[in-house]
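K.L.:
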Amino acid sequence: SLSDRLTATFKNLRGKGRLTEADIDATVREIRRALLDADVAVPVVRAFTAAVKERALGLEVSQALNPGQQVVKIVNEELVGILGGETRRIRLAKNPPTVIMLAGLQGAGKTTLAGKLSKWLKGQGHSPLLVACDLQRPNAVRQLQVNGERAGVPVYAPHPGVSSEFESATGDPVAVARQGVAEARARLHDVVIVDTAGRLGVDAELMQQAADIRAAISPDEVLFVIDAMIGQDAVNTALAFNEGVDFTGVVLTKLDGDARGGAALSVASVTGKPVMFASTGEGLNDFELFHPDRMASRILDMGDILTLIEQAEQSWDKDEAARMAKKFADQEEFTLEDFLAQMQQIRNMGSMKKMLMMMPGAANMREQLENFDEREIDRVEAIVRSMTPHERLAPKIINGSRRARIARGSGVHVSEVNGLLERFTQAQKMMKKMASGGGIPGMPGMAG
Ligand code: GDP
Ligand code: MG
Numbered sequence: 004s005l006s007d008r009l010t011a012t013f014k015n016l017r018g019k020g021r022l023t024e025a026d027i028d029a030t031v032r033e034i035r036r037a038l039l040d041a042d043v044a045v046p047v048v049r050a051f052t053a054a055v056k057e058r059a060l061g062l063e064v065s066q067a068l069n070p071g072q073q074v075v076k077i078v079n080e081e082l083v084g085i086l087g088g089e090t091r092r093i094r095l096a097k098n099p100p101t102v103i104m105l106a107g108l109q110g111a112g113k114t115t116l117a118g119k120l121s122k123w124l125k126g127q128g129h130s131p132l133l134v135a136c137d138l139q140r141p142n143a144v145r146q147l148q149v150n151g152e153r154a155g156v157p158v159y160a161p162h163p164g165v166s167s168e169f170e171s172a173t174g175d176p177v178a179v180a181r182q183g184v185a186e187a188r189a190r191l192h193d194v195v196i197v198d199t200a201g202r203l204g205v206d207a208e209l210m211q212q213a214a215d216i217r218a219a220i221s222p223d224e225v226l227f228v229i230d231a232m233i234g235q236d237a238v239n240t241a242l243a244f245n246e247g248v249d250f251t252g253v254v255l256t257k258l259d260g261d262a263r264g265g266a267a268l269s270v271a272s273v274t275g276k277p278v279m280f281a282s283t284g285e286g287l288n289d290f291e292l293f294h295p296d297r298m299a300s301r302i303l304d305m306g307d308i309l310t311l312i313e314q315a316e317q318s319w320d321k322d323e324a325a326r327m328a329k330k331f332a333d334q335e336e337f338t339l340e341d342f343l344a345q346m347q348q349i350r351n352m353g354s355m356k357k358m359l360m361m362m363p364g365a366a367n368m369r370e371q372l373e374n375f376d377e378r379e380i381d382r383v384e385a386i387v388r389s390m391t392p393h394e395r396l397a398p399k400i401i402n403g404s405r406r407a408r409i410a411r412g413s414g415v416h417v418s419e420v421n422g423l424l425e426r427f428t429q430a431q432k433m434m435k436k437m438a439s440g441g442g443i444p445g446m447p448g449m450a451g
């Protein structure tokens, strides 16, 4: 998975202070592969990775993150930005009813979505009316009526046998749409959802019909419904509908399947229109607001790596990091006090442990984490506190009798004092190495 590959890439980057072009290329290469795996359209992948690389080259060195993590952070920000940043809500009309038109290829999930959306809006206190304008397929009107019944939402449809002042509309989807909206206004429905016909491919006649419906009812929102499984065809289909009906938002369906959702990025990227909803099953409740951030991690399949990056940034104590950096610059000795301060920094990140363990790519970190125990930090603290100030600054003087005294004072076995001093010596060596290399490690305490 990408997480595994990125973890491997990060490992090589760990401890480096500066991002080189080669570092960036290595990470960007993995990202490119992941995007193609997620079925993001090729030209979109190309433009995207170029933008990421350009941003990464101008990057300032972060103290909380290693270079690979920094690149991933940029990738995520760019992805979320293209996918629409904040989740956009439906724009409600100043003068009701709010008119929502659905458009898209046959089988995309429009009629199913009409039911879901109406139920969801009803749950929010609206009183929607569904309008059946797919007069192309024999069963389409009936299908919408079934969905309406399940959602408890009325359906306006031209069907023989029910007398209506609008009965003349039968057969003409544009007239049905117009009269459906009039019906909603007359019956004080505050939202109208207009279901339309689709074909298997982009089709001039049908696109004209959709454009005519749009012109007739001036919808507040035109939602382009697209199957997440569509893959590389997403770009052409989206461009055709954007040109044909100038949609205002996108709904991605069938996200319950295997699709990684690359279509979302393709469509949003080439049309600039936000994805607003996600459809995740055949049931009426399988429907949610679209979350750009969640979709970004789904597309990249990064497990919780992003959450990890976020938390590493949040829990990193900037003052402490600055103090440590100054120490390196001044070539000061790394003391037991510093060691303790580092452990405490890690404790601040303690809540991450569980999450880190679940990360698909954390295999090589897992062992370290397995051994990491918060009580261990308490013991280290107790041991260090039992030392005299002089011992803390010059641990070399801690001989056998001092070790025994410290162990008694902190309530641990002498072997634990020995273990701590050993680990401290290792960390001290590592810090020296890093100081001479000019770099500051991403997570210093982890490297002990
Ligand atoms: P339309 O031609 O655009 O109106 O598409 P439909 O609403 O008739 O849906 C086509 C098929 O896809 C139906 O069998 C739906 O049950 C199914 N479908 C729609 N949305 C989803 C979804 O989010 N997940 C899954 N698994 N199936 C869906
Ligand atoms: Mg339909």
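According to UniProt numbering, the residues represented by the sequence shown are 4 to 451, in order.
C-beta: ideal position from N, C-alpha, C; glycine also.
It should be emphasised that the depicted structure is a prediction, and the values quoted were computed from it without experimental measurement.
#1: Return the bridge partner residues of Ala106 from the DSSP annotation.
#2: Under 7 Å: does the beta carbon of residue 452 sit that close to some heavy atom of ligand 2?
#3: Given Ile302, which residues of its chain have a CB within under 8 Å of its CB, disregarding the five upstream and five downstream residues?
#4: From the DSSP output, read off the bridge partner residues of Ala44.
#5: Answer with yes or no whether the minimum CB distance from Ala281 to chain B is below 8 Å.
#6: By Cβ distance, which residues of its chain are closer than 7 Å to Met232, with the 5 residues on each side in sequence left out?
#7: Say yes only if the C-beta of Val228 is nearer than 7 Å to one or more non-hydrogen atoms of ligand 1, and no if none qualify.
#8: Can you tell which of Ala218, Ala187, Ala111 and Arg411 has the C-alpha that lies nearest to the C-alpha of Gly234?
#9: When you compare the region 239 to 250 with the region 142 to 154, are there three or more beta-carbon pairs, one atom per stretch, that lie closer than 8 Å?
#10: What first and last residue would you give for the beta strand (DSSP E) that runs through Pro131?
#11: Relative to the C-alpha of Gln116, which residue among His129, Leu133 and Gly128 is closest?
#12: Hey, is Asp259 close to ligand 1, as in C-beta under 7 Å from one of its heavy atoms?
#13: State yes or no: is the C-beta of Pro277 within less than 8 Å of the C-beta of Val254?
#14: In terms of residue numbering, what span does the beta strand (DSSP E) encompassing Phe280 cover?
#15: Is Asp289 near ligand 1, in the sense that its beta carbon is under 7 Å from a heavy atom of that ligand?
#16: Can you tell me where the beta strand (DSSP E) with Asp193 in it begins and where it stops?
#17: Measuring CB to CB, does Val156 end up less than 8 Å from Lys122?
#18: Could you please give the first and the last residue of the uninterrupted beta strand (DSSP E) stretch that includes Glu291?
#19: Three-state secondary structure (DSSP) at Asp175?
#20: Using only alpha-carbon positions, find the residue among Gly403, Gly126, Ala214 and Ala29 that is nearest to Glu291.
P.N.:
In terms of the structure at hand:
#1: Phe227
#2: Since the displayed the chain opens at 4 and closes at 451, residue 452 lies outside it and no answer follows.
#3: Ala37, Leu38, Ala41, Val43, Leu82, Arg263, Gly264, Gly265, Ala267 and Leu268
#4: None, per the DSSP bridge assignment.
#5: Among the protein chains of the structure shown there is no chain B, as only one such chain exists.
#6: Lys257, Gly260 and Ala262
#7: yes
#8: Ala111
#9: no
#10: Pro131 to Ala135
#11: In the sequence under discussion, the amino acid at residue 116 is Leu, which differs from the Gln named in the question. Here the closest residue by C-alpha is Leu133.
#12: yes
#13: no
#14: Val278 to Ser282
#15: yes
#16: Where Asp193 is concerned, there is no enclosing beta strand (DSSP E), given that its DSSP letter is neither H nor E.
#17: yes
#18: Phe290 to Leu292
#19: coil
#20: Gly126
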